[in-house]
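**Student:**
In my numbering, the protein residues as written are 2 to 326.
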């Protein structure tokens with residue numbers, strides 16, 4: 002199968018690129034001239050110069066493709082409208098170009114943030130009405146809506162992962178950096194529950210979807226069945242990976258809010274993406290972000306292969322070997 006991949010120079014996209022090549026697909030990457038593909042330069046792929054912000058560049062990238070896997074996304078932004086510009090408008094433009102080019106399958110790496118937090122301690126199914134609580138989540142939900150406008154012309158699969166971690170992830174790097182130095186921080190009492198997925202396992206789910214006969218429109222959670230985990234359990238796994246006892250103070254939510262305000266102020270002043278914002282703190286404060294991957298397993302046979310402790314250890318080792326921590 003000839004597959005166009007967006008976001009291949011990023012964390013999740015890099016693992017997806019490796020999975021697609023391993024599965025024998027012919028891979029084309031949508032890249033900008035400034036894209037750093039060092040993480041996947043050992044792979045064989047075709048480059049298509051383009052930008053999701055330039056719809057005119059997408060038609061050529063989609064031409065001749067059997068499938069599109071859309072991983073690219075804006076995770077942090079200076080302005081809230083930047084989320085919508087990339088994750089809604091950019092996604093919509095790509096879906097339009099793919100449909101017009103005759104692409105048969107469109108796989109979208111969405112997020113549990115698009116669906117919203119669990120309102121009980123039971124996972125809500127993927128067809129639950131969307132109730133995101135952050136600008137990022139709302140933009141990913143809007144991206145889903147844009148793609149569904151083309152459901153009559155392409156087979157569409159939405160994958161909603163929860164917390165994703167693994168080698169090359171910059172999002173959780175700060176926690177591993179702190180652990181290497183003997184400390185970490187805990188929001189509140191650490192009892193909040195989250196599901197999680199190791200990056201290469203998420204990539205495996207993409208490969209499984211492309212090789213399976215899934216419904217014309219399908220929405221799946223992608224997580225490890227051994228979850229959910231409390232933040233305290235995640236910190237314990239991090240402590241084990243670091244090979245040392247960590248000093249872990251509990252930070253009140255109000256302090257995180259204050260840090261987020263300072264980060265937002267500095268972001269506006271420097272025009273750089275904030276490391277932390279109030280919307281992210283709001284997501285972190287939710288009692289539970291739960292997934293149920295059983296429907297994905299039933300349709301494709303996919304299951305996550307990596308235990309949390311093993312994935313955290315592999316991630317810590319990779320950061321250390323690369324000099325990131």
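Just so you know, even glycine gets a beta-carbon here, dropped at the ideal spot from N, CA and C.
#1: Would residue 279 and residue 261 qualify as a contact pair, given that the criterion is a beta-carbon distance under 8 Å?
#2: Since residue 185 and residue 282 should fall inside the 8 Å C-beta cutoff, what is the C-beta to C-beta distance between them, to a whole number of angstroms?
#3: Below 8 Å on the Cβ atoms is my contact criterion, and I expect residue 194 with residue 229 to pass it. Report the Cβ-Cβ distance as a whole number of Å.
#4: Note down the Cα distance separating residue 25 from residue 204, rounded to an integer number of angstroms.
#5: Only counting the same chain, and skipping five residues up and downstream in sequence, which positions put a Cβ closer than 6 Å to that of residue 85?
#6: Can you tell me whether residue 273 sits near the ligand ZN, meaning its C-beta is under 7 Å from at least one heavy atom of the ligand?
#7: So which of 43, 41, 6, 48 has the shortest CA-CA distance to residue 34?
#8: Take residue 29 and list the residues in its own chain whose beta-carbon comes closer than 8 Å to its own, dropping the five residues that flank it on each side.
#9: First and last residue of the alpha helix (DSSP H) that includes residue 157?
#10: Going by beta carbon distance, what residues of the same chain come within less than 6 Å of residue 307, once the five residues before and after it are set aside?
#11: What does DSSP give as the partner residue(s) for residue 5 in the beta ladder?
#12: Report the CB separation of residue 238 from residue 301 in whole angstroms; it is logged as a contact under 8 Å.
#13: Are the Cβ atoms of residue 225 and residue 197 separated by less than 8 Å?
#14: Quick check: the Cα distance between residue 272 and residue 171, rounded to an integer number of angstroms?
#15: By a C-beta neighbour count over all protein chains shown, 10 Å radius and 16 as the cutoff for buried, is residue 98 buried or exposed?
#16: Measuring CA to CA, which of 324, 316, 277 is closest to residue 135?
#17: Measuring alpha carbon to alpha carbon, tell me which residue in 169, 94, 31 is nearest residue 321.
#18: Among 252, 160, 284, 326, which has the Cα closest to the Cα of residue 295?
#19: Less than 8 Å between the beta carbons of residue 79 and residue 269, yes or no?
#20: Looking at C-alpha atoms only, which residue of 38, 37, 91 is the closest neighbour of residue 56?
#21: Residue ranges of each alpha helix (DSSP H) run of no fewer than 4 residues wholly in the segment 226-267, ordered along the chain?
#22: Nearest to residue 245 by alpha carbon, out of 189, 298, 253, 317?
#23: Please report the Cβ distance between residue 138 and residue 115, rounded to the nearest whole angstrom; I am assuming they are in contact, meaning their Cβ atoms lie under 8 Å.
#24: Out of 181, 164, 219, point me to the one whose CA is closest to residue 149's CA.
#25: Where does residue 324 land, buried or exposed, given buried means 16+ other C-beta within 10 angstroms?
#26: Mind checking whether residue 72 and residue 14 have CB atoms under 8 Å apart?
**Tutor:** Put simply:
#1: The beta carbons of residue 279 and residue 261 sit closer together than 8 Å.
#2: So it is not a contact: roughly 17 Å between Cβ atoms.
#3: Rounded, the Cβ-Cβ distance is 4 Å, consistent with contact.
#4: Roughly 14 Å between the two C-alpha positions.
#5: Contacts found: 140.
#6: For the ligand ZN, the structure offers nothing, since it holds no ligand at all.
#7: Just measuring C-alpha positions, the residue of 43, 41, 6, 48 sitting nearest residue 34 is 48.
#8: Same-chain partners within the cutoff: 3, 4, 5, 6, 46, 47, 48, 49, 62, 66.
#9: Segment 156-161 is the beta strand (DSSP E) holding residue 157; no alpha helix (DSSP H) there.
#10: 199, 202, listed in sequence order.
#11: Answer is 29, 69.
#12: With 8 Å as the limit, residue 238 and residue 301 do not qualify as a contact, their Cβ atoms being about 27 Å apart.
#13: Less than 8 Å separates the beta-carbon of residue 225 from that of residue 197.
#14: Between the alpha carbons of residue 272 and residue 171 lies a distance of about 19 Å.
#15: Here residue 98 is buried: its Cβ has 16 or more other Cβ atoms, across all protein chains shown, within 10 Å.
#16: Of the candidates 324, 316, 277, the one whose C-alpha sits nearest the C-alpha of residue 135 is 277.
#17: Checked all of 169, 94, 31; the closest Cα to residue 321 is 169.
#18: Residue 295 has its Cα closest to that of 160, out of 252, 160, 284, 326.
#19: If you check the CB distance, residue 79 and residue 269 come in under 8 Å.
#20: Nearest neighbour of residue 56 by Cα position, chosen from 38, 37, 91, turns out to be 91.
#21: Entirely contained in the segment 226-267, the alpha helix (DSSP H) runs reaching 4 residues are, in chain order, 232-243.
#22: Of the listed residues, the one whose Cα sits closest to residue 245 is 317.
#23: Going by Cβ atoms, the distance from residue 138 to residue 115 rounds to 5 Å, so yes, they are a contact pair.
#24: Selected option, being the one with the closest Cα: 219.
#25: Exposed, by the Cβ-count rule.
#26: Yes, the Cβ-Cβ distance between residue 72 and residue 14 is below 8 Å.
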